[in-house]
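Notes to accompany the following structure.
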Amino acid sequence: MEEQLSLLDLVWNATFTVQFVMATLLLASMVSWYMIVNRYLYFRDANDEMYRFEERFWSGIDLSQLYREGNERSADGFAILGMESIFRAGFKEFSRLAQQPEMDSEALVEGARRSMRVAVMREEERLERHLAFLASVGSTSPYIGLFGTVWGIMHSFRGLANSTQATLATVAPGISEALIATAMGLFAAIPAVLAYNRFASKVEVLNNRYDTFVDEFSGILYRQAFAVRTREKKAG
Amino acid sequence: MNTSIYAKPVMPRIVVRPALATIMIHGLLVLLLTANWASMDRERIKVKPLPNLVNARLVDASDLQPKPKPKPEPVKPKPQPKPEPVKPKPEPKPEPKPEPVKPKPQPKPEPKPEAVKPKPEPVKPEPKVQPESAKPTPKEQSNRDALARIAQEELSSVSNEPAAELTATVDEISASFSALIQRTVISYWSPPPSARNGMECELEVRLVPTGEVVGVRVIRSSGNPAFDSSAENAVLKAGAFPELQKLPSAEFEKKFRRLYLIFRPEDLRY
Chain A
1 MEEQLSLLDL VWNATFTVQF VMATLLLASM VSWYMIVNRY LYFRDANDEM YRFEERFWSG
61 IDLSQLYREG NERSADGFAI LGMESIFRAG FKEFSRLAQQ PEMDSEALVE GARRSMRVAV
121 MREEERLERH LAFLASVGST SPYIGLFGTV WGIMHSFRGL ANSTQATLAT VAPGISEALI
181 ATAMGLFAAI PAVLAYNRFA SKVEVLNNRY DTFVDEFSGI LYRQAFAVRT REKKAG
Chain B
1001 MNTSIYAKPV MPRIVVRPAL ATIMIHGLLV LLLTANWASM DRERIKVKPL PNLVNARLVD
1061 ASDLQPKPKP KPEPVKPKPQ PKPEPVKPKP EPKPEPKPEP VKPKPQPKPE PKPEAVKPKP
1121 EPVKPEPKVQ PESAKPTPKE QSNRDALARI AQEELSSVSN EPAAELTATV DEISASFSAL
1181 IQRTVISYWS PPPSARNGME CELEVRLVPT GEVVGVRVIR SSGNPAFDSS AENAVLKAGA
1241 FPELQKLPSA EFEKKFRRLY LIFRPEDLRY
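Each protein sequence line maps, in turn, to chains A and B.
Per this note's numbering, the first sequence runs over residues 1 to 236.
Per this note's numbering, the second sequence runs over residues 1001 to 1270.
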């Protein structure tokens, strides 16, 4: 009965290199799962946030009112993310530039656009965080696992060369143990690749939304800038 | 100004849930793998020559095997023992016998026959206490009523247990059959002089529901052909275990259709 190979025993009695490979893969798998769940939650939040903000934005609310609400929220310690942060960046820049009378409406909108572009890039950066790690786990961990397997099999065949009576039983545990490394590599890689592809497409979608929003918002700003300047011209 | 927003770390917001999920996923995986491997173990019966002393105890264990017995016993026995010593001296002989019988009706019809002789009460297996109270009847008519009343009370209090006990006893029954097979095979087994401590060979024995052995195969050799064939011969000489006919067929299919026996000489002094 003790002859029955237990998985844990195999791992425990593996050679050092194979054990090291397995530990690396376990770590990679754990970190990548951590990141998968982390990203999943983050994207879910970003999506919710975006829908919530868009609804609010197009509800006809006064934009400076919306900006003030954001101020309050950030004063309460909430991090402002996603579309709202883009809006805030653009609006802040716009209102700051609007106070300088020598700037014409084109320059106002151009300045706001620029700062929104910066905000979009920062958002993008946030969204893509960890994705590179998932990609590299997905692409390298099968190879790492394969390395462990090859090493383990090499080792067990070397043992076979030394023994006078060559039976399957002398190599089988070694090979079995070595194959665990490949299994672990695949176990780490498959979810990572799937998650990477999914998240990458989600980043794409969100980025498109942000770009669209920047365009829409700068249209509104342009209208406002024009109105402000003509009013000033009439007044002055 | 913008930087004040961006300086806020975004990460700390999401830490606990991913960490928990990660640990859960990996823990579950490890659990699954290890659990599966352990449960895939076949049930094996070890055949090792035991000193006679231990052998004798094994017999006892299989006879006592019905656990349910103890429950009713502590209550009932009280009234019974009293009348016994006082009244009929000749009685004592019959008395002890019924007692071993009593346990049997409770577990099921099967264990009874297996226990060997007690044929008397097999007819009514369902009421466990009734057979008991019935036995006293011939002896003590006067005590009978009182006994019956007590029995009734006991029954009502214990009535829930039989079901649970019955399921428990199925395992015990098959354990006792395993023990029986083990003893039978050992009695036919004469390890060759070349047997050494630490040798071990595993046989697969195929049985039919009548208890006959229809096939023996060495599935793991000890490395010593004489030892292997002595083990094989032991099973062939045993030939059949007719007691298995009493086993419920589901149990038989599960445990005894293919039987794995491990032979391992122990306490060898050479």
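For glycine and all other residues, C-beta sits at the position ideal for the given N, C-alpha and C.
Residue of F133/A, G138/A, V18/A, A119/A minimising C-alpha distance to F187/A: Ranking the options by Cα distance to F187/A, first place goes to G138/A.
The region 193–203 of chain A in contact with the region 1016–1033 of chain B per 3-pair CB rule at 8 Å: No, they do not touch.
Beta bridge counterpart(s) of E1212/B as assigned by DSSP: Note: E1212/B is bridge-paired with A1240/B in the DSSP secondary-structure output.
Spatial neighbours of A1061/B in its chain, beta-carbon cut-off 6 Å, leaving aside the 5 residues before and after: In this predicted model, A1061/B has a pLDDT of only 39, less than 50, meaning its place in the structure is not dependable enough to derive any value.
Status (buried if at least 16 other CB within 10 Å, exposed otherwise) for D1228/B: buried
Between the CA atoms of S1187/B and V1216/B - distance to the nearest angstrom: 17 Å
Simplified DSSP assignment, three categories, for V1218/B: strand
Coil, strand or helix - V1015/B by DSSP: Shown here, V1015/B sits in coil according to DSSP, grouped into three states, outside any helix or strand.
Beta-carbon proximity list for K202/A, same chain, < 7 Å, skipping 5 on both sides: F43
Local conformation of M1/A per DSSP, three classes: Reliability of the predicted coordinates at M1/A is poor, the pLDDT of 35 falling under 50, and the value obtained from them is presented with this limitation in mind. In this structure, M1/A counts as coil in the three-state DSSP scheme.
H155/A in three-state terms, based on DSSP: H155/A falls in the helix class under three-state DSSP.
Contact check, S156/A vs L10/A, beta carbons under 8 Å: No, the pair does not count as a contact, with Cβ atoms beyond the cut-off.
DSSP state of D104/A mapped onto helix, strand, coil: coil
Neighbourhood of S240/A by C-beta distance below 8 Å, restricted to the same chain and skipping five residues each side: Any property of residue 240/A remains undetermined from this structure, which presents chain A solely from 1 to 236.
A1179/B in three-state terms, based on DSSP: helix
Residue span of the alpha helix (DSSP H) that contains T182/A, given as start and end: Start and end: 168–235.
Every unbroken alpha helix (DSSP H) within the region 43–129 of chain A, with a cutoff of 4 residues, ordered by chain: The region 43–129 of chain A contains these whole alpha helix (DSSP H) runs: 63–75, 82–98, 105–128.
Reduced DSSP secondary structure (H/G/I, E/B, other) of Q165/A: coil
Which of helix, strand or coil DSSP assigns to E1247/B: Note that residue 1247/B is Leu in the sequence shown, not Glu. If DSSP states are grouped into helix, strand and coil, L1247/B belongs with coil.
Beta-carbon proximity check, W151/A vs T17/A, cutoff 8 Å: Yes, the Cβ-Cβ distance between W151/A and T17/A is below 8 Å.
Beta carbon of V1185/B nearer than 8 Å to that of V1235/B: yes
Distance, A161/A Cα to M1199/B Cα: The straight-line gap from Cα to Cα measures roughly 26 Å.
Stretch pair the region 49–59 of chain A + the region 131–150 of chain A: three plus CB contacts closer than 8 Å: no
Where F94/A falls, given that 16 or more other Cβ within 10 Å makes a residue buried: F94/A should be labelled buried.
Distance cut-off 7 Å: S1230/B Cβ against heavy atoms of the ligand NAP: Only the bare structure without any ligand can be found here, which leaves the ligand NAP out of the picture.
As assigned by DSSP and simplified to three states, the class of T17/A: helix
C-alpha distance - A1016/B paired with L97/A, whole-angstrom precision: First, the amino acid is wrong: residue 1016/B is Val here, not Ala. Going by the C-alpha atoms only, they are around 42 Å apart.
Other residues of its chain near S1194/B: CB distance less than 8 Å, five sequence neighbours each side excluded: Here the set comprises N1224, A1226, F1227.
Extent of the continuous alpha helix (DSSP H) to which W1189/B belongs: Looking at the DSSP string, W1189/B is not in any alpha helix (DSSP H), and its letter there is neither H nor E.
CB contact below 8 Å: V203/A versus chain B: For V203/A, the answer is no, since every Cβ of chain B falls outside 8 Å of its Cβ.
Proximal residues, the region 54–84 of chain A versus chain B, C-beta separation under 8 Å: Result list: S74, A79, I80, L81.
Near-chain B residues of the region 180–195 of chain A - C-beta to any C-beta below 7 Å: none
Beta-carbon spacing of Y222/A, M83/A below 8 Å: no
Best match in G1239/B, E1204/B, R1220/B for proximity to A169/A [C-alpha to C-alpha]: R1220/B
Proximity test, Cβ basis, 8 Å: N38/A and chain B: yes
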